[in-house]
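Here the structure comes first, spelled out in structure tokens, and everything after it is commentary.
In mature numbering (1 follows the signal peptide of the UniProt record, and there is no 0), the protein residues as written are -23 to -1, 1 to 508.
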């Protein structure tokens, strides 16, 4: 048991070794008495202590697994220091997120001399300090039973199917430094009742390794305050951003004592240049979900997600060679985890259609004000849902959500099959349904993002969260007080080491967060749902 305690001290102390903007702490027991406890910083020079963009990665002696430890949140209150940190394996996957609570009296902060880039040092004030007693807590808030990656990208029933990103890993990926706003007024936060699940889709616009922290913070603030339970994410340019986004969400949930816990599944999208499939397109699609409300189900392929294979795709207009989705729908099946409704399940398909307009280079044609490819993709959602029924054990509660790139006034043409199929499109095409952003602040362009509901389960509250509005509502952004576009620009520009500026003020949202608003609706759970 004593050896286990030593391991916990190492994990916790290594994660808590670097905190604060103008001072830092390092936990280190007396190395003479406990040489195993000696910690070493992986990168231990702070260039500017007033800058929050320093690294928070650490290592320690005897790290036989090659794990990295990353502080993602630190709060000091009532003489206690609470650290939230990630444990990251060699594949850059998050093994666990842990919380360490320690009496501040055991932490000895030191000042930093920024003029000579002094290395960080420090220690636990009491060399005889041990974890016994009420002054120390180490709580795992995310970890699977086998201590594998927190995400489910490697299917446990079929380990040969590996969705883990195999591209080269770079250490210059932006490191999250979330410090939630402790004075945040959440009185306008959305609420849902236990018999409803709020399902959402968001095109997060080229979300890749170069994304700045304000983008993570804005996206998670909206997901958190709008009380989404499942969010389909499209236009992901990197696998790494998915776990990082979930980590931000879990920090918010932990800070607000909600007992909610987020996880994710994803699939990389296939690429076939000969068929013009996903050429220079999205790398992946993902579902992030609140595990207290829903859990993913295993499909007939023994995995918890699948990419549509285009096997029953039909060409209605344009060249026969374009007989596949440009970015195939990603399908996941979910079951309610709410007590009294755990028999309710549903299957969700998300997709990012071909870009709007006619691409003559690939043979695309114009059809009634649409490109023939996105028109065909809209028409084929019926075929996708029919295909889904064969791999989801017959679940008849089917939902499609996607960025369709179908322009205003064309829904009745591209989705003319919906009514006959027994489905409904909850959002419509009116002003409130405009989801893509114009580059003028507060203005929206097209109702590109749509929902198709094919289910006996009822729904309500279909809406577009107008993205520009988040900077004008002080209850939304959770990491600082933001009440205006000027506040947001000032906050965003604090990340000057990236030299990121935009040509117009609105682009700090349009480019800095997304050019699409999220869409959502509430699925009303029925305990008597037949299947």
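Positions of the beta carbon are idealized from the N, C-alpha and C atoms, including for glycine.
Here the structure is a predicted model, which means the values were calculated and not measured.
### Nearest-angstrom beta carbon gap, residue 200 and residue 226 [assumed within contact, 8 Å]
Residue 226 sits at position 249 when you count from the first residue of the chain shown. Residue 200 sits at position 223 when you count from the first residue of the chain shown. Approximately 6 Å separates the beta-carbon atoms of residue 226 and residue 200; this is inside 8 Å, confirming the contact.
### Query
Which runs of the beta strand (DSSP E) spanning at least 3 residues fall entirely within the segment 303 to 349, listed in chain order?
Listed in chain order, they are 307 to 313 and 322 to 329.
### Message
Which residues does DSSP list as the beta-bridge partners of residue 273?
### Response
Position 296 of the chain shown holds residue 273. DSSP output for residue 273 lists 311 as bridge partner(s).
### Message
Starting from residue 218, trace the beta strand (DSSP E) in both directions and tell me its first and last residue.
### Response
For the purposes of this step, residue 218 is taken as residue 241 along the chain shown, with counting starting at 1. Careful: residue 218 lies outside any beta strand (DSSP E), inside the alpha helix (DSSP H) at 217 to 232.
### Query
Skipping 5 residues on each side, what residues in its chain have a beta carbon closer than 7 Å to that of residue 485?
In the chain shown, counting from the first residue as 1, residue 485 sits at position 508. Taking C-beta separations shorter than 7 Å and ignoring five residues to either side along the sequence, the partners of residue 485 in its chain run 465, 466, 469 and 479, following chain order.
### Message
To the nearest angstrom, how far is the alpha carbon of residue 339 from that of residue 250?
### Response
Indexing the chain shown from 1 puts residue 339 at position 362. Indexing the chain shown from 1 puts residue 250 at position 273. Rounded to whole angstroms, the gap between the alpha carbons of residue 339 and residue 250 is 11 Å.
### Query
When we look at the beta-carbon of residue 171 and count the other beta-carbons within 10 Å, is it buried (16 or more) or exposed?
If you number the chain shown from 1, residue 171 lands on position 194. By the 10 Å Cβ count, residue 171 comes out exposed.
### Query
Out of curiosity, what's the CA-to-CA distance linking residue 374 and residue 176?
Numbered from 1 along the chain shown, position 397 holds the residue referred to as residue 374. Numbered from 1 along the chain shown, position 199 holds the residue referred to as residue 176. Roughly 13 Å separates the two Cα atoms.
#### Entry: C-beta atoms of residue 215 and residue 186 nearer than 8 Å
In the chain shown, counting from the first residue as 1, residue 215 sits at position 238. In the chain shown, counting from the first residue as 1, residue 186 sits at position 209. In contact: residue 215 and residue 186 (Cβ atoms closer than 8 Å).
### Query
Alpha carbon to alpha carbon, how far is residue 333 from residue 193?
Within the chain shown, numbered from 1, the residue matching residue 333 stands at position 356. Within the chain shown, numbered from 1, the residue matching residue 193 stands at position 216. C-alpha separation (whole angstroms): 27 Å.
### Message
If you reduce the DSSP assignment to three classes, tell me which class residue 192 lands in.
### Response
Looking up residue 192 in the chain shown gives position 215. For residue 192, the three-state secondary structure derived from DSSP is helix.
### Message
Please report the straight-line C-alpha distance between residue 367 and residue 184, rounded to a whole angstrom.
### Response
By 1-based counting over the chain shown, the position of residue 367 is 390. By 1-based counting over the chain shown, the position of residue 184 is 207. Near 32 Å, if we compare the C-alpha coordinates of residue 184 and residue 367.
### Query
Going by C-alpha distance, which of 405, 245, 434 and 234 is nearest residue 423?
Against the chain shown, residue 423 aligns to sequence position 446. Out of 405, 245, 434 and 234, 405 has the C-alpha closest to the C-alpha of residue 423.
### Query
Excluding five sequence neighbours on each side, which residues of the same chain lie with their C-beta closer than 7 Å to the C-beta of residue 222?
The residue you call residue 222 lines up with position 245 of the chain shown. Here residue 222 has 193, 196, 197 and 265 as same chain residues with Cβ atoms under 7 Å from its own Cβ, once five neighbours each way along the sequence are excluded.
### Task
Run the CB neighbour count on residue 240, radius 10 Å, all protein chains shown included, and call it buried at 16 or more, exposed below.
Counted from its first residue, the chain shown places residue 240 at position 263. By the 10 Å Cβ count, residue 240 comes out buried.
### Query
For residue 262, which option in 271, 242 and 256 has the closest C-alpha, if you only look at C-alpha atoms?
Here residue 262 refers to the residue found at position 285 of the chain shown. It is 242.
### Query
Out of curiosity, what's the CA-to-CA distance linking residue 151 and residue 190?
Looking up residue 151 in the chain shown gives position 174. Looking up residue 190 in the chain shown gives position 213. Summary for residue 151: the model assigns pLDDT 36, below 50, so the residue's position carries little reliability; its value from the coordinates is reported in the next sentence. Rounded to the nearest angstrom, the gap between the Cα atoms of residue 151 and residue 190 is 7 Å.
### Message
If I measure Cβ to Cβ from residue 504 and keep anything under 8 Å in the same chain, skipping five residues before and after, which residues do I get?
### Response
For the purposes of this step, residue 504 is identified with residue 527 of the chain shown, where counting begins at 1. Once the five neighbours on either side are set aside, the close Cβ partners of residue 504 are 317, 318, 320 and 321.
### First and last residue of the uninterrupted beta strand (DSSP E) at residue 207
As a position in the chain shown, residue 207 is number 230, starting the count at 1. If you look at residue 207, you'll find it in the beta strand (DSSP E) that goes 207 to 213.
### Task
Over the uninterrupted alpha helix (DSSP H) stretch that includes residue 389, give me the two end residues.
Translated into the one-based positions of the chain shown, residue 389 becomes position 412. Residue 389 -> alpha helix (DSSP H) spans 388 to 391.
### Query
Is any beta-carbon of chain D found at less than 8 Å from that of residue 346?
As a matter of chain content, chain D is missing from the structure shown, which is built from one protein chain.
### Message
Per the DSSP calculation, residue 453 is bridged to which residue(s)?
### Response
Looking up residue 453 in the chain shown gives position 476. Answer by DSSP bridge pairing: none, since residue 453 is not bridged.
#### Entry: Whole-angstrom distance between residue 387 and residue 65, CA atom to CA atom
Here residue 65 is taken as the residue at index 88 of the chain shown, counted from 1. Here residue 387 is taken as the residue at index 410 of the chain shown, counted from 1. Looking at the two C-alpha atoms, the distance is approximately 47 Å.
### Query
Does the distance from the CB of residue 271 to the CB of residue 206 come in under 8 Å?
Translated into positions along the chain shown, residue 271 becomes position 294. Translated into positions along the chain shown, residue 206 becomes position 229. Residue 271 is a Cβ neighbour of residue 206, given a cutoff of 8 Å.
### Task
Would you please state the rounded distance, in angstroms, between the beta carbons of residue 414 and residue 494? I believe it to be under 8 Å.
In the chain shown, residue 414 corresponds to position 437, counting from 1. In the chain shown, residue 494 corresponds to position 517, counting from 1. Rounded, the Cβ-Cβ distance is 7 Å, consistent with contact.
### Message
If I follow the unbroken alpha helix (DSSP H) through residue 469, where does it start and stop?
### Response
Within the chain shown, the letter at position 492 stands for residue 469. Here the alpha helix (DSSP H) through residue 469 covers 462 to 470.
### Query
Do the segment 300 to 308 and the segment 351 to 368 meet, that is, are 3 or more Cβ pairs less than 8 Å apart?
Because the criterion of three Cβ pairs below 8 Å is met, the segment 300 to 308 and the segment 351 to 368 touch.
### Query
So what does DSSP say about residue 139, is it helix, strand or coil?
Here the question's residue 139 lines up with position 162 in the chain shown. No answer about residue 139 holds up, because its pLDDT of 38 lies below 50 and its placement is not dependable.
### Query
Is residue 211 near residue 259, with beta carbons less than 8 Å apart?
Start at 1 with the first residue of the chain shown, and residue 211 comes out as number 234. Start at 1 with the first residue of the chain shown, and residue 259 comes out as number 282. Yes, the Cβ-Cβ distance between residue 211 and residue 259 is below 8 Å.
#### Entry: Closest residue to residue 411 among 454, 496 and 500 (Cα-Cα distance)
The residue given as residue 411 occupies position 434 in the chain shown. Of 454, 496 and 500, the residue nearest in Cα terms is 496.
#### Entry: Distance CB(residue 323)-CB(residue 376) smaller than 8 Å
As a first step, residue 323 must be located in the chain shown, where it is residue number 346. As a first step, residue 376 must be located in the chain shown, where it is residue number 399. Taking 8 Å as the Cβ cut-off, residue 323 and residue 376 qualify as a contacting pair.
### Task
Inspect the beta-carbon positions of residue 173 and residue 502 and report whether they are closer than 8 Å.
In the chain shown, the residue the question calls residue 173 occupies position 196. In the chain shown, the residue the question calls residue 502 occupies position 525. Contact check for residue 173 against residue 502 passes: the beta carbons are separated by less than 8 Å.
### Task
Grab the span of the beta strand (DSSP E) containing residue 243 for me, first residue to last.
As a working mapping, residue 243 is identified with position 266 in the chain shown. Residues 239 to 245.
### Query
Between the C-alpha atoms of residue 582 and residue 343, what's the straight-line distance to the nearest angstrom?
Outside the shown range of the chain, which is -23 to 508, sits residue 582, and nothing can be said about it.
### Message
Tell me the rounded alpha-carbon separation between residue 397 and residue 363.
### Response
Reading the chain shown from its first residue, position 420 is the one you call residue 397. Reading the chain shown from its first residue, position 386 is the one you call residue 363. Using only the alpha carbons, I get a separation of about 14 Å.
### Query
Under the DSSP definition of a beta bridge, which residues are partnered with residue 437?
Walking along the chain shown from the start, residue 437 turns up at place 460. Beta-bridge pairing links residue 437 to 499.
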